[in-house]
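Input: a single structure, listed below in structure tokens.
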Amino acid sequence: MSAKDSEGCRLDGFLSFSIQIIMGSFAFASLIIKWRQETPRRAPLIWLFDTLKQGSGLLLQHFTNLLFSIIAGQYLHQNSCAWYMCSHIVGSIVRVFCCWILHSFHLQIVAKYQPRFDRLRSGEYGELVSLFTFFIQLNTWWTIISLV
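Per my numbering, the very first residue in the sequence shown carries number 3; after that it's consecutive.
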């Protein structure tokens, strides 16, 4: 499946990949800067787990947008890049808001039924940091993103 359409737009071209890598690098650098300036600073492993949740969620949304844009552009014989831009803007506004609402609802449920759902408290991985707890929270976050 090629991501090139009649107007010459390529979502899978060198320029597109370069721009995406540069933007991803800036996003990652901003997370590092934010972490270095926060007080109290989270432990490096906690920060890594939180960053992996954010980054993997972002990649999930990004590749979903790319796939949707390529398919919509080909099926409707329209510009895939325009579809990507529209889905990105909608994702940045509507999806982020919906994820925030679902995540807030999730946190209320966890608080209500604690300690039964203790492993689901976002960003808390136990006294001894647990990889299992991280994967439970990661799966929860992916589920929220997938629902939106």
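Quick reminder that beta carbons are idealized off the backbone N, C-alpha and C, glycines included.
Classification of I35 by the beta-carbon crowding that lies within 10 angstroms, buried from 16 upward = Within the sequence shown, numbered from 1, the residue matching residue 35 stands at position 33. Classified as exposed, I35 has fewer than 16 neighbouring CB atoms from the shown chains inside 10 Å of its CB.
query = Assuming C101 and I138 make a contact with CB atoms under 8 angstroms, what is their CB distance in whole Å?
reply = Position 99 of the sequence shown, counted from the first residue, corresponds to residue 101. Position 136 of the sequence shown, counted from the first residue, corresponds to residue 138. Rounded to whole angstroms, the Cβ separation of C101 and I138 is 18 angstroms, and the two are not in contact under 8 angstroms.
task = Measure the C-alpha to C-alpha separation of Q56 and R44 and round it to an integer number of angstroms.
result = For this step, residue 56 is matched to residue 54 along the sequence shown. For this step, residue 44 is matched to residue 42 along the sequence shown. Q56 and R44: Cα-Cα distance of roughly 15 angstroms.
message = Restricting to Cα atoms, I'd like to know which of L130, A29, T142 is closest to I48.
response = As a first step, residue 48 must be located in the sequence shown, where it is residue number 46. Comparing Cα-Cα distances from I48 to each of L130, A29, T142, the minimum goes to L130.
inquiry  = Please report the distance separating the alpha-carbon of I72 from that of Y86.
reply    = Taking the sequence shown and counting its residues from 1, one reaches residue 72 at position 70. Taking the sequence shown and counting its residues from 1, one reaches residue 86 at position 84. Inter-residue distance for I72 and Y86 is about 8 angstroms (C-alpha atoms, whole angstroms).
request  = Rank L149, R12, V150 by C-alpha distance to the C-alpha of Q80 and give the top, closest one.
outcome  = Working through the sequence shown from its first residue, we reach residue 80 at position 78. Looking from the CA of Q80, the closest CA among L149, R12, V150 belongs to R12.
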